[in-house]
Amino acid sequence: MNWIFDFVIMMAIDKCTKEEPMPTYDRLRDNRQVLLEFIPNETLESYPYKDRYTLTLFTQGKLQFQLNGENFTLTAPFVLCVNQDDSFKVFEKGFDTRCQSVAFHPKFVNSSLDYETLEINVFDELEDQHDRDMMAYFNHRYECNGVFTLPASTYLRISEWIKLIGVESLTQSDWSWTCRIRRYLLQTMYLLDDIFMEQWREEQNGKKSSVDKALDYIHTNYYSCIELSDVCSVSGTNRTKLNKEFKERTGTTVINYLSNYRIDIAKRALTHTGLSLNELADALGYRYESYFIKQFTKIVGCTPTEYRQQNSVKRDPHGWSLEG
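Per this note's numbering, the very first residue in the sequence shown carries number -18; after that it's consecutive.
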């Protein structure tokens, strides 16, 4: 659960109740329409959207659904890339499911791209070819179904870029805001491309390692009360072997890695949100606020309150960070 992202989104934009995303207009350029919409609280009720490619990041919860005749049961974090002609049906959505969408026309990425040219799939310019390749995941070329389970190493980066797209679409802070959105969107697509290729190589070369399984589990479930036995069960190995292999890979033990990972997220939350220490402790899987403070102080060298005072960034009235 990327609760930091979810908290900022909920503070910034009122709950979306419309079935279709609200159009985006550039306030700095005579209110011209921008061919991209950010949906902070995706309901999936009118999904996918007309005349749009849609990239949806699921940050929390579980979803049972069908995409183009193929059934899936997935737990966050994962990403869906769909086009306007896809067939999508939800069978069951967890009450705690949270997701955000970026809906866009391919021309937003590259003025040479539209649905007709992408269907023909012939481009002369190298830059157009590169951008065309990123659209392939929405068109489900290369045997890609548009479903991306997110490895631990990439989830935080993608969630940060999606958050920044939301920030830019809301604040429109200067003349280059659409350029920055395009950059964050392309960075997300490039990373999804890396994930797809890595998963393809894994399928070719064999199963995922026990350490990879452990890392994925920690990054996805850090907000829960995790025991070493839980990680061993997911990894399919015993604690002695797992800790040995884990330390060879990361330089530390499973539990120390989990603690450091939680504290890293706490530092970001203290900097960018106004969550209380009790809320923060609960969201990070600590049973007691006092233990969270003790762990934070041990690892960082100062208390959470001191860290917040030293590093807190300015926020606008909606709760968005005003710094980059």
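Just so you know, even glycine gets a beta-carbon here, dropped at the ideal spot from N, CA and C.
Source: prediction; values computed, not measured.
Item, Value
"Are the beta-carbon atoms belonging to Leu366 and Ala84 less than 8 Å from one another?", "This structure cannot speak to residue 366, because the chain is shown only from -18 to 305."
"For Lys31, I'd like the list of residues in its chain whose CB is within less than 6 Å of its CB, leaving aside the five on either flank, ordered along the chain.", "Gln65"
"Check Asn292 in the structure and name its three-state DSSP category.", "helix"
"Once DSSP output is grouped into helix, strand and coil, what is the label at Thr278?", "helix"
"Assign Arg138 to one of two classes, buried (16 or more other C-beta atoms within 10 Å of its C-beta) or exposed (fewer than that).", "exposed"
"From Pro2 to Ala264, what does the alpha carbon distance come to, in whole angstroms?", "30 Å"
"Given a threshold of 16 other Cβ atoms within 10 Å of its Cβ, counted over all protein chains shown, does Cys80 qualify as buried or as exposed?", "buried"
"Report the three-state DSSP secondary structure of Leu167 (helix, strand or coil).", "helix"
"Within its chain, find whatever has a CB closer than 8 Å to the CB of Gly75; leave out the 5 residues flanking it on each side and keep chain order.", "Gly42, Lys43 and Leu44"
"Go ahead and pull the three-state DSSP assignment for Tyr118.", "helix"
"Have a look at Thr233 and Asn219 and give me their C-alpha separation to the nearest angstrom.", "17 Å"
"Taking Cβ to Cβ, would you say Leu166 is nearer than 8 Å to Tyr118?", "no"
"Count the CB pairs spanning the segment 272 to 280 and the segment 206 to 221 that are closer than 8 Å, and state whether there are at least three.", "no"
"What separation, rounded to the nearest whole angstrom, lies between the Cα atoms of Thr54 and Val128?", "11 Å"
"Suppose contacts are defined by Cβ-Cβ distances below 8 Å. Is Val71 in contact with Phe89 by that definition?", "no"
"Looking only at its chain, what residues have a beta carbon closer than 8 Å to the beta carbon of Arg13, apart from the 5 residues adjacent to it on each side?", "Tyr6 and Asp7"
"Output yes or no for whether 8 Å exceeds the beta carbon distance between Leu38 and Asp67.", "no"
"Any idea what DSSP makes of Cys213, helix, strand or coil?", "helix"
"How about Val15 and Thr159: do their beta carbons lie closer than 8 Å?", "yes"
"For Leu9, is the classification buried or exposed, using 16 other Cβ atoms within 10 angstroms of its Cβ as the cut-off for buried?", "exposed"
"Between the Cα of Leu256 and the Cα atoms of Lys275, Ser240, Asn224 and Pro285, which residue gives the shortest distance?", "Pro285"
"With respect to the alpha helix (DSSP H) encompassing Asn224, which residues constitute its N-terminal and C-terminal limits?", "Arg220 to Thr231"
"What are the boundary residues of the beta strand (DSSP E) that includes Asn52?", "Glu51 to Thr56"
"Provide the residue(s) that pair with Cys160 in DSSP beta bridges, ordered along the chain.", "Paired residues: none, contrary to the question."
"Closest to Phe177 by CA distance: which of Leu25, Thr135 and Pro87 is it?", "Thr135"
"Measuring straight from C-alpha to C-alpha, what distance separates Ser150 and Gly50?", "34 Å"
"Kindly give me the distance between the Cβ atoms of Thr35 and Val63, rounded to whole angstroms, as I take these residues to be in contact under 8 Å.", "5 Å"
"Using a 10 Å radius around the Cβ and a threshold of 16 neighbouring Cβ atoms, would you call Glu304 buried or exposed?", "For Glu304, the pLDDT reaches just 47, beneath the cut-off of 50, and the residue's location in the model is therefore unreliable, although a value from the coordinates is still provided. Its Cβ having fewer than 16 others within 10 Å, Glu304 is exposed."
"Given this structure, state the Cα-to-Cα distance separating Pro87 from Arg243, to the nearest angstrom.", "37 Å"
"Can you tell me the Cβ-Cβ gap for Phe306 and Gly147, rounded? I've got them flagged as a contact below 8 Å.", "Nothing can be reported for residue 306: it is not among the residues displayed for the chain, which extend from -18 to 305."
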